[in-house]
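K.L.:
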Amino acid sequence: MTLDLIDLVVFLGIGVIALTWWNNLKAKEQALKAVIQYCDRHHLQLLDQSIALIKIRPARNEAGHLHLKRTYLFEFTSTGDERYKGKAFMLGSSVYKLDVDAHRID
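Under numbering that gives the first Met the number 0, the residue at position 58 of the sequence shown is numbered 57, and the numbers go up by one with no gaps.
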């Protein structure tokens with residue numbers, strides 16, 4: 000059995016898609032871990048125990064290397080009554096900023 004060029008391109012394409020999907024899952028796990036730690040430190044409750052990717056784009060880090068910049072949205076509560084929104088920002092595989100809406104502190 001011989002591989003045609005088309006077969007090789009298809010296999011390569013499937014590999015790239017699988018690798019991208021796996022990298023996105025790993026990044027989401029890192030962001031979720033950072034959000035959970037932030038909520039625990041600030042006595043907040045992460046709602047639905049999940050985050051959602053809302054933006055992804057290429058960006059350069061301080062050294063000039065190209066990485067993916069991801070923005071995740073999450074919801075939390077401080078009182079148990081109101082829902083507030085927060086965002087987690089990642090560059091490559093590290094979370095560099097967490098923003099949360101103004102919220103009540105009890």
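Even for Gly, the Cβ is constructed at its ideal location relative to N, Cα and C.
#1: Extract the residue ranges of the alpha helix (DSSP H) inside the region 14-50, only unbroken runs of 4 or more that lie entirely within it.
#2: Would you check if the distance between the CB atom of L52 and the CB atom of F75 is smaller than 9 Å?
#3: Using a Cβ-Cβ cut-off of 7 Å (strictly less than) and excluding sequence neighbours within five positions of K84, which residues of its own chain qualify?
#4: Quick one: grab the DSSP three-state call for L97.
#5: Quick check: the region 51-69 against the region 85-93, are there 3 or more CB pairs under 8 Å?
P.N.:
According to the structure data:
#1: none
#2: no
#3: In chain order, L72, E74 and D100 place their CB closer than 7 Å to the CB of K84, counting only its own chain and leaving out the 5 sequence neighbours on each side.
#4: Three-state result, L97: strand.
#5: yes
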